[in-house]
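Everything in the sequence shown is counted per our numbering, starting at 912 for the first residue and increasing by one.
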Amino acid sequence: MNTIFALVEEAPFAGDPTKRNVLAHIITNHELAYEMKGVDAEDGKNYTRFMIVSNAEWVAPVEAGDRRCFVIDVSETHKEDKDYFIEIDDEMKLGGAEAMLYDLLELKVRMRDMGKPPMTAAKREQMVLGLKPDMAWLSDVLAAGEFPYADGRTLAWPETGQWKGEQPCPTQDVEAWGLVKKDDVAESFRDFVSTHRGRATSIRVGRFLTKIFPEIRTIRITQERNRPWAYQLPPLEAARKRFLKFNPAFEPMIEPMIDPGSDKPKEQSADAPEASIEDIAAYRSRRSRF
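Here you go:
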């Protein structure tokens, strides 16, 4: 009535929201509705575990904070190495499958002891591929330190040594206080982020930025004739740190740009460590002692 292990080959889950949501439901829920032919549906325990195999670039529906997927790239070291796979087949036929099942059954692992799947280079890549358009735009802005425009122009991220964070700036000196006009930010956003709701307004762009940078401030530039509204942005380095909290997959790309002598927190995100095969083996060994 249920499947314990499901091998899925070349299934395009990642880019299809409907299939992605169904997969997440099956992976996460403890119970599922089962309906046999000609019989009413009934709820039952869910024991299904998935292994997805694909040559596609974007395979796993991985987002920031993911706790479902462990992603690895298969090495090409033994590609088309017939002798290597013959030995594996022989071992499995001569008791290897039974030995593997015994080892798995002897692992004393409880669900409450399981942490997040370890972060890998392959998982980081899937997270980058799965970024929503607005996050992808912001990642490009922070990596380059400038706002891009469709016509090739760029606007540098404003730098300031006078950022206060908790309070609006007491002056309206654009360069001294890291101000950038809201319309300039919204124009860059609209050039690279398409939305099904039509043209993105400055209000929508502002709400998106506030989710990432809650300390952001808006202020009017009174020196200019039309008194435009502007954002008071944090320094680029501080903005990069905040972005990494939302998207640890970008750490290898953005973290090297952060000054190592700054006040960077010493503790790492739970998603940050790169897990090797040795790390995973050691983890399993520790769990087997319970």
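The beta carbon of each residue, even a glycine, is placed where N, CA and C say it ideally should be.
- Following the DSSP letters along the chain, one finds Gln-1143 inside the beta strand (DSSP E) bounded by residues 1140–1143.
- Taking C-beta atoms under 8 Å as the contact rule, Tyr-945 and Ala-952 qualify, at a distance of about 6 Å.
- Straight-line spacing of the CA atoms in Arg-1136 and Ser-1050 works out to 33 Å.
- At the C-beta level, Phe-1058 and Ser-1113 stay beyond 8 Å of one another.
- Across the set Lys-1093, Leu-1120 and Met-1025, the C-alpha of Leu-1120 shows the shortest separation from the C-alpha of Ala-1047.
- In the displayed model, Arg-960 falls within a strand according to three-state DSSP.
- With at least 16 other beta carbons inside 10 angstroms of its own, Asp-977 counts as buried.
- Contact check for Val-919 against Ile-963 passes: the beta carbons are separated by less than 8 Å.
- Taking the Cα of Ala-1061 as reference, the smallest distance to any Cα among Gly-1089, Asp-1095 and Arg-1131 is reached at Asp-1095.
- Straight-line spacing of the CA atoms in Phe-961 and Asp-1014 works out to 19 Å.
- By the Cβ-count criterion, Ala-1010 is exposed, with fewer than 16 other Cβ atoms from all chains shown falling within 10 Å of its own Cβ.
- The three-state reading of DSSP puts Thr-988 in coil, since its state is none of H, G, I, E or B.
- Cβ atoms of Val-1091 and Leu-1016 stay farther apart than 8 Å, at about 60 Å.
- Annotation for Pro-1059: the continuous beta strand (DSSP E) segment containing it runs 1057–1059.
- For a cut-off of 8 Å, the C-beta gap from Val-1104 to Pro-1044 is around 4 Å, short enough to register as a contact.
- Separation of the CB atoms of Leu-1040 and Glu-968 is rounded to 7 Å, and the pair is thereby assigned contact status at 8 Å.
- In the structure shown, the three-state DSSP call for Gly-1006 is helix.
- Taking Arg-1035 as reference, the option from Pro-972, Ile-997, His-941 and Ala-1067 with the minimal CA-CA separation is Pro-972.
- The C-alpha of Lys-930 is placed about 31 Å away from the C-alpha of Arg-1153.
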